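This report concerns only the one structure given below.
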Amino acid sequence: MEMDTTALFKLSYGMYIVSSKKENRFNGQVANTVFQVTAEPILVGVSINKENLTHEFIENSGLLSISVLSEDTPMTFIGLFGFKSGRNIDKFDDTKYKMGVLGVPVILEYSLAYLEARVIRKMDLGSHTLFIAEVVEAENLANGNPMTYEYYHRVKRGKAPKTAPTYAPNR
-12 MEMDTTALFK LSYGMYIVSS KKENRFNGQV ANTVFQVTAE PILVGVSINK
38 ENLTHEFIEN SGLLSISVLS EDTPMTFIGL FGFKSGRNID KFDDTKYKMG
88 VLGVPVILEY SLAYLEARVI RKMDLGSHTL FIAEVVEAEN LANGNPMTYE
138 YYHRVKRGKA PKTAPTYAPN R
C-alpha cells in the first residue's frame, strides 16, 4: 500500500513573508514553516530552502523578519514573494515596508503582525536549513484572520513551489 502524503495537509501551517538583508540589499520570500519553539526566551523556527536568495541573506546577516499574512492577501502579492526570485527583481520596489530595529525590512502590506529575530542556531536539513532565531521585536499591525496554508490551497487555489518544504510534484 502506498503512503498517502495528503495526510500532511492536515498539519497546521501559516503563510508568512520572511525577509532579510545582505549589505544594502533586501530580499523576502513566502514561507509556510514558521513556528514558536520556546517562550523564555522567545525562539522561533524558520525553514528556508538553501537555493533561495533569502537563505543566502539570512546566512550572511543572521537576521530576519517574519510578517504574518492576512487571508485577504491577493495572489499577485503572494506571487511576487513566492514565485519570483530576488536575483531578477527587487521585490521591495513597490512594496510598503518599514525598517525594523534590526535593520531588516518589515512588510506592512497585508500583514497582521511581524516579528524580528536574530539567528542563534541552525540545522542543516539537506535541501533546507532550519534557523532558530530569538525574537527581539514584535508588533500587531491589523485585525483580521491570518492566512493558513490550507486556506491558501483551498480558497486561493495556490500551489507550492519546488523550493517549498511541502512541495510534492503530484499534489
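The end of the sequence shown is residue 158 by the numbering used here, with every number in the run present.
Note that CB positions come from ideal geometry on N, CA and C, so glycine has one too.
For clarity, every value in this text was computed on a predicted model and none was experimentally measured.
Below 8 Å CB to CB, which residues in the same chain sit around residue i once its five sequence neighbours on both sides are set aside?
i, result
"K71", "K78"
"D59", "Y97 and G131"
"G57", "A quick correction: the sequence has Ser, not Gly, at residue 57. Taken in chain order, the residues that qualify are Y97, S98, L99, A129, G131, N132, P133 and M134."
"K83", "I94, L95 and E96"
"V88", "E103, V123 and E124"
"G113", "none"
Cα separation between residue i and residue j?
i, j, result
"D81", "I107", "32 Å"
"N19", "Y138", "12 Å"
"R158", "V33", "Here the model assigns R158 a pLDDT of 49, short of 50, so the residue's position is not dependable, and the following value carries that caveat. Looking at the two C-alpha atoms, the distance is approximately 23 Å."
"D111", "L(-2)", "22 Å"
"K85", "P28", "25 Å"
"S54", "A(-6)", "27 Å"
"G69", "I119", "22 Å"
"I76", "R12", "11 Å"
"K109", "L117", "5 Å"
"M2", "A26", "21 Å"
Counting only the same chain and skipping the five closest in sequence on each side, list residues whose C-beta sits under 6 Å from that of residue i.
i, result
"N14", "L40, T41, F44 and G73"
What first and last residue would you give for the alpha helix (DSSP H) that runs through residue i?
i, result
"R141", "Y136 to R141"
"M62", "M62 to G69"
Does the distance from the CB of residue i to the CB of residue j come in under 7 Å?
i, j, result
"L30", "V21", "no"
"A104", "E121", "yes"
"K101", "Y0", "Checking the displayed sequence, the identity of residue 101 turns out to be Tyr instead of Lys. Cβ atoms of Y101 and Y0: not closer than 7 Å."
"H140", "N36", "no"
"S52", "V91", "yes"
Ignore the nearest five residues each way along the sequence and tell me which others in residue i's own chain have a CB closer than 7 Å to its CB.
i, result
"R144", "none"
"L67", "K78"
If you follow the beta strand (DSSP E) that residue i is part of, which residue opens it and which one closes it?
i, result
"T116", "H115 to N127"
"F44", "Counting along the chain, F44 falls outside any beta strand (DSSP E), though it belongs to the alpha helix (DSSP H) covering L40 to S48."
"A100", "S98 to D111"
"F79", "Looking at the DSSP string, F79 is not in any beta strand (DSSP E), and its letter there is neither H nor E."
Determine, for residue i, whether the minimum Cβ-Cβ distance to residues of chain C falls below 7 Å.
i, result
"P92", "Any reference to chain C falls outside this structure, which holds one protein chain only."
The stretch 44 to 53 / the stretch -1 to 7 touching (three or more Cβ pairs under 8 Å): At 8 Å Cβ cutoff, the stretches touch.
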